[in-house]
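Enquirer:
In the numbering used here, the protein residues as written are 83 to 580.
(1) Would you please state the rounded distance, in angstroms, between the beta carbons of residue 533 and residue 143? I believe it to be under 8 Å.
(2) Going by beta-carbon coordinates alone, are residue 241 and residue 87 separated by less than 8 Å?
(3) Rounded to whole angstroms, how far is the Cβ of residue 418 from the Cβ of residue 551, which I believe are closer than 8 Å?
(4) Is the beta carbon of residue 526 sitting closer than 8 Å to the one on residue 386?
(5) Quick one: what does DSSP say residue 365 is sitting in, helix, strand or coil?
(6) Any chance you could list the beta strand (DSSP E) runs of at least 3 consecutive residues sitting entirely within the stretch 497–551, in chain order?
(7) Which ranges does the beta strand (DSSP E) cover as unbroken runs of at least 3 residues, wholly within the stretch 222–251, from first to last along the chain?
(8) Could you pull the DSSP bridge partners for residue 282 from this structure?
(9) With a threshold of 16 other CB atoms inside 10 Å of the CB of residue 501, please say whether the residue is buried or exposed.
(10) Of the residues 475, 513, 383, 100, which one's Cα is nearest the Cα of residue 213?
(11) Tell me the DSSP secondary structure of residue 264 in three-state form.
(12) Is residue 157 helix, strand or coil by DSSP?
(13) Can you tell me whether residue 324 is buried or exposed? The criterion is at least 16 other CB atoms within 10 Å of its CB, across all chains shown.
(14) Name the one or two DSSP bridge partners that residue 44 has.
(15) Using DSSP bridges, identify the partner residues of residue 139.
(16) With which residues is residue 342 paired in a DSSP beta bridge?
(17) Within a Cβ cutoff of 7 Å, which residues of the same chain sit near residue 565, ignoring the five residues on either side of it in sequence?
(18) Helix, strand or coil: how does DSSP classify residue 555 here?
(19) State buried or exposed for residue 352, treating a residue as buried only when at least 16 other CB atoms are found within 10 Å of its CB.
(20) Just checking my contact of residue 89 with residue 244 at CB under 8 Å: how many whole Å lie between their CB atoms?
(21) Going by C-alpha distance, which of 337, 569, 376 is nearest residue 493?
(22) Does the Cβ of residue 410 have 16 or more other Cβ atoms within 10 Å, making it buried, or fewer, making it exposed?
(23) Find out if the Cβ-Cβ distance for the pair residue 282, residue 408 is shorter than 8 Å.
(24) Any contact of the stretch 249–262 with the stretch 109–128, i.e. 3+ C-beta pairs under 8 Å?
(25) Out of 504, 571, 530, 480, state which residue places its alpha-carbon closest to the alpha-carbon of residue 518.
(26) Would you kindly work out how many angstroms separate the C-alpha atoms of residue 270 and residue 487, rounded to a whole number?
(27) I need the straight-line Cα distance from residue 337 to residue 182, nearest angstrom please.
(28) With a CB to CB cut of under 7 Å and the five nearest residues on each side skipped, what residues in its chain are close to residue 129?
(29) In angstroms with no decimal places, state the Cα-to-Cα distance between residue 538 and residue 354.
(30) If you check the beta carbons only, do residue 331 and residue 305 fall under 8 Å apart?
(31) Helix, strand or coil, according to DSSP, for residue 394 in the structure here?
(32) Between which two residues does the alpha helix (DSSP H) harbouring residue 109 extend?
(33) Which one of 111, 555, 483 has the shortest CA to CA distance from residue 318?
(34) Under DSSP, the beta strand (DSSP E) around residue 167 begins and ends at which residues?
(35) Which whole-angstrom value describes the C-beta separation of residue 177 and residue 265, a residue pair presumed to lie in contact below a C-beta threshold of 8 Å?
Next up, the structure:
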């Protein structure tokens with residue numbers, strides 16, 4: 083039983099301005115800080131009819147429309163490959179091209195600025211801006227075709243090899259939900275407040291590492307799984323892979339320029355790299371070391387890999403078991419109440435007034451169209467307004483369409499398990515899967531799909547962004563059902579470990 087391994091990567095950095103994803107306000111890219119890329123790992127065992135392809139992208143999420151486009155292009159190049167064998171995840175950088183279109187509802191709004199009011203003088207200015215920007219739908223087709231070519235390259239370069247795995251630790255992600263004595267929770271809340279009580283949830287600093295080697299025992303690639311999205315530089319107007327760019331550079335400096343690095347975000351819907359505690363001490367250390375935060379994260383991750391790699395190499399598995407299962411299941415919608423609708427509608431009405439005021443000001447003072455970010459607050463209020471208005475629409479749907487279909491995957495690679503989900507999945511759920519998995523190590527992979535938060539019950543009790551009704555089409559019941567599916571699918575691969 084031989085495992086055949088192939089790697090490839092490609093740039094998905096556009097050569098013209100695009101909408102930048104990851105914030106409520108529209109942003110038009112003003113350049114490239116560092117490349118956004120896609121990395122592909124193709125695996126096939128000779129005891130199976132087909133293999134599996136894992137794809138990581140420096141994007142905010144993987145909407146169904148984008149996933150299907152990649153699969154469509156890839157299977158044209160590789161007819162023998164089953165579309166569902168291609169698994170795509172996003173690192174959740176907030177400085178990547180927007181790929182969400184109207185077709186991707188109910189999970190996300192469109193990335194362009196179309197529809198921001200009608201008949202107002204500045205709307206023509208918005209449309210004029212759009213003429214010089216690559217539309218999200220066009221970027222989807224362009225990027226999907228490039229990723230498909232990388233998939234074909236990885237698949238066609240498969241050669242016998244081995245795998246190994248291990249775990250290190252690096253402090254990258256922090257729980258970003260701050261709780262107060264009044265039982266309120268705020269995302270990115272202040273911790274120097276006299277009412278600050280505690281950080282709401284757990285943090286997972288493990289670095290799951292999967293390595294591949296060729297037949298000559300040369301290291302060819304790494305799969306790295308970390309419970310943190312890549313959003314250190316999330317407000318920029320420059321395209322960037324965020325801290326994964328520096329991490330790849332640091333690892334290649336240590337291990338070789340030809341090493342492939344496939345990045346995965348583990349369950350981290352309530353995590354971020356932003357510092358809410360001990361910030362002054364951390365910033366002082368960055369100054370003393372001469373590093374940026376992104377560079378410091380890269381060194382931490384690289385140190386974790388370098389510390390584990392000599393021991394991982396002692397147990398290379400040249401005949402690892404490869405198994406894959408996938409299923410589309412219906413997760414129950416978050417059970418919205420009339421109060422949820424009332425609260426969201428009230429907020430939407432407030433935002434509409436703000437939006438109309440900004441619109442009127444821009445009509446009266448067209449000189450405010452400079453600098454380029456003049457449209458920031460207009461689009462922010464518009465999107466927030468539509469985001470809250472959607473709660474009433476979802477409330478009307480929950481009786482006739484009580485579930486939302488989601489595609490899930492489970493893999494076994496030797497004694498490692500992989501379980502995917504499409505959400506910004508709160509860490510507690512990920513730890514439930516890891517704790518109950520029979521595999522020695524379990525890589526939980528979030529954002530292998532369209533996104534949106536999937537919070538715990540305690541987060542909903544605390545409210546705040548990421549847990550309020552507008553944030554979450556699927557609620558805690560769906561989160562637990564997803565965890566149960568993942569545990570069951572993974573453990574079915576390991577019956578000998580009962």
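The beta carbon of each residue, even a glycine, is placed where N, CA and C say it ideally should be.
Expert: In short, the structure shows the following:
(1) Within the chain shown, the letter at position 451 stands for residue 533. Within the chain shown, the letter at position 61 stands for residue 143. Indeed they touch by this definition, with Cβ atoms about 3 Å apart.
(2) If you number the chain shown from 1, residue 241 lands on position 159. If you number the chain shown from 1, residue 87 lands on position 5. Yes, the pair counts as a contact, with Cβ atoms nearer than the cut-off.
(3) The residue given as residue 418 occupies position 336 in the chain shown. The residue given as residue 551 occupies position 469 in the chain shown. Indeed they touch by this definition, with Cβ atoms about 6 Å apart.
(4) Taking the chain shown and counting its residues from 1, one reaches residue 526 at position 444. Taking the chain shown and counting its residues from 1, one reaches residue 386 at position 304. Contact: no.
(5) If you number the chain shown from 1, residue 365 lands on position 283. Helix at residue 365.
(6) 498–502, 523–527
(7) 241–251
(8) Taking the first residue of the chain shown as 1, we reach residue 282 at position 200. DSSP, once it has assigned bridges, lists no residue as partnering residue 282.
(9) What you label residue 501 is simply residue 419 of the chain shown in a count that begins at 1. Buried: at least 16 other Cβ atoms inside 10 Å.
(10) One-based indexing of the chain shown puts residue 213 at position 131. It is 100.
(11) Here residue 264 refers to the residue found at position 182 when the chain shown is read from its first residue. Coil at residue 264, not helix or strand.
(12) Translated into the one-based positions of the chain shown, residue 157 becomes position 75. If DSSP states are grouped into helix, strand and coil, residue 157 belongs with the helices.
(13) One-based indexing of the chain shown puts residue 324 at position 242. Residue 324 comes out buried.
(14) This structure cannot speak to residue 44, because the chain is shown only from 83 to 580.
(15) As a position in the chain shown, residue 139 is number 57, starting the count at 1. Looking at the DSSP assignment, residue 139 forms a beta bridge with 120, 172.
(16) Stepping through the chain shown from its first residue, residue 342 is reached at position 260. The partner list for residue 342 (beta bridge, DSSP) reads 303.
(17) Position 483 of the chain shown holds residue 565. Correct list, in chain order: 511, 514, 515.
(18) In the chain shown, residue 555 corresponds to position 473, counting from 1. Residue 555 carries a coil assignment under DSSP once its states are collapsed to helix, strand and coil.
(19) Here residue 352 refers to the residue found at position 270 when the chain shown is read from its first residue. It counts as buried.
(20) In the chain shown, residue 89 corresponds to position 7, counting from 1. In the chain shown, residue 244 corresponds to position 162, counting from 1. Between the beta-carbon of residue 89 and that of residue 244 there is about 14 Å, and that puts the pair past the 8 Å contact cut.
(21) Reading the chain shown from its first residue, position 411 is the one you call residue 493. Of the candidates 337, 569, 376, the one whose C-alpha sits nearest the C-alpha of residue 493 is 569.
(22) The count along the chain shown starts at 1 and reaches residue 410 at position 328. Taking every protein chain shown into account, the CB of residue 410 has fewer than 16 other CB atoms within 10 angstroms, so this residue is exposed.
(23) Within the chain shown, the letter at position 200 stands for residue 282. Within the chain shown, the letter at position 326 stands for residue 408. Against a cut-off of 8 Å, the Cβ pair of residue 408 and residue 282 comes out as no contact.
(24) no
(25) To locate residue 518, count along the chain shown from 1; it is residue 436. Nearest Cα to residue 518 within the set 504, 571, 530, 480: 571.
(26) Numbered from its first residue, the chain shown carries residue 270 at position 188. Numbered from its first residue, the chain shown carries residue 487 at position 405. Their backbone Cα atoms lie some 31 Å apart in a straight line.
(27) By one-based count along the chain shown, residue 337 stands at place 255. By one-based count along the chain shown, residue 182 stands at place 100. Cα to Cα, the separation comes out at about 36 Å.
(28) Numbered from its first residue, the chain shown carries residue 129 at position 47. Once the five neighbours on either side are set aside, the close Cβ partners of residue 129 are 83.
(29) Your numbering for residue 538 matches position 456 in the chain shown. Your numbering for residue 354 matches position 272 in the chain shown. Computed Cα separation, rounded: 17 Å.
(30) Against the chain shown, residue 331 aligns to sequence position 249. Against the chain shown, residue 305 aligns to sequence position 223. Result no, Cβ atoms of residue 331 and residue 305 do not sit closer than 8 Å.
(31) Here residue 394 corresponds to residue number 312 of the chain shown, with the count starting at 1. Reduced to three states, the DSSP call for residue 394 is helix.
(32) Along the chain shown, one-based indexing puts residue 109 at 27. Segment: none, residue 109 is in no alpha helix (DSSP H) and carries neither H nor E.
(33) As a position in the chain shown, residue 318 is number 236, starting the count at 1. When only C-alpha atoms are compared, the closest one is 111.
(34) Taking the first residue of the chain shown as 1, we reach residue 167 at position 85. Here residue 167 belongs to no beta strand (DSSP E), and DSSP marks it neither H nor E.
(35) Here residue 177 is taken as the residue at index 95 of the chain shown, counted from 1. Here residue 265 is taken as the residue at index 183 of the chain shown, counted from 1. The pair is not a contact, with the Cβ atoms about 35 Å apart (cut-off 8 Å).
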